[in-house]
Ligand code: SF4
């Protein structure tokens, strides 16, 4: 089966399973989504949502977050991994948004990626989920599933993003990245799999006999 045929099957199946996937990180505006994505590095969305519920009661704008200060932010997020660094980054990015972008979260990759703690994946999430600009944020789930479904060779996330953008129509990117994440969490977890247990892989690889191991689970 060709890669394009597999991509069509994947799109169809994911649409059936997740017709309108919600944005997993709770937020009320562009700024609170940006902060939530920065906080989610090496932490679960569930834990981030639990902590931001309280944090955003006192700081849901760059001005209020700056006012809270690094130690004030830390008090709300200290249960997360990398909390020291995250507190500092959130304080600094709030300050920069006020000073350089008139208090508004910028809507370009270049500007977003100039903010502390904001890499290409975080910027892609904000571009996609806040500004509705087609993007394909590749997180660990998407990287893993793309390999398991034969959409990329799995060398690195940059290559995976490029391969996914080439194979799927641009109109699908913003919803599809969420659908893949949901599928990864529900069915295709990081634990090993021989590539035959789900209907998805049995459909994509009807003749599969050997165990499939992806490069970076
Ligand atoms: S068979 Fe395994 S690799 Fe394929 S979709 Fe299911 S869990 Fe993922």
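Numbering (this note's numbering), first residue to last: 427 to 643.
Each residue gets a CB set at the ideal place from its N, CA and C atoms; glycine is no exception.
Are the CB atoms of residue i and residue j nearer to each other than 8 Å?
i           : j           : result
residue 591 : residue 562 : yes
residue 477 : residue 511 : no
residue 564 : residue 552 : no
residue 457 : residue 531 : yes
residue 545 : residue 537 : no
residue 437 : residue 571 : no
residue 611 : residue 569 : no
residue 430 : residue 593 : yes
residue 488 : residue 529 : yes
residue 632 : residue 600 : no
residue 496 : residue 483 : no
Nearest by alpha-carbon distance to residue i: which of the options is it?
i           : options            : result
residue 691 : 440, 579, 608, 502 : Any answer about residue 691 is impossible in this case: the structure gives the chain only from 427 up to 643.
residue 439 : 564, 637, 629      : 629
residue 604 : 616, 575, 554, 577 : 554
residue 459 : 443, 508, 520, 632 : 520
residue 462 : 549, 431, 489, 443 : 549
residue 452 : 436, 441, 481, 435 : 481
residue 557 : 579, 448, 455, 447 : 455
residue 466 : 543, 625, 559      : 543
residue 575 : 626, 587, 470      : 626
residue 448 : 608, 580, 618, 614 : 608
residue 620 : 573, 585, 513      : 573
residue 475 : 636, 450, 435      : 450
residue 493 : 518, 636, 479      : 518
residue 547 : 491, 587, 479      : 587
Could you spell out the range, first to last residue, of the alpha helix (DSSP H) harbouring residue i?
i           : result
residue 553 : 546-555
residue 527 : 509-527
residue 531 : It is not in any alpha helix (DSSP H) - residue 531 carries neither H nor E in the DSSP assignment.
residue 605 : 599-612
residue 583 : 583-593
residue 488 : 488-503
residue 476 : 471-484
residue 433 : 429-443
residue 569 : 566-574
residue 460 : 456-465
residue 627 : 625-630
I think residue i touches residue j, with their Cβ atoms under 8 Å apart; what is that distance to the nearest whole Å?
i           : j           : result
residue 433 : residue 577 : 7 Å
residue 522 : residue 468 : 23 Å between Cβ atoms; not a contact.
residue 524 : residue 499 : Their Cβ separation, rounded to whole angstroms, is 15 Å, which puts residue 524 and residue 499 out of contact at 8 Å.
residue 615 : residue 634 : Not really, about 19 Å apart at Cβ, beyond 8 Å.
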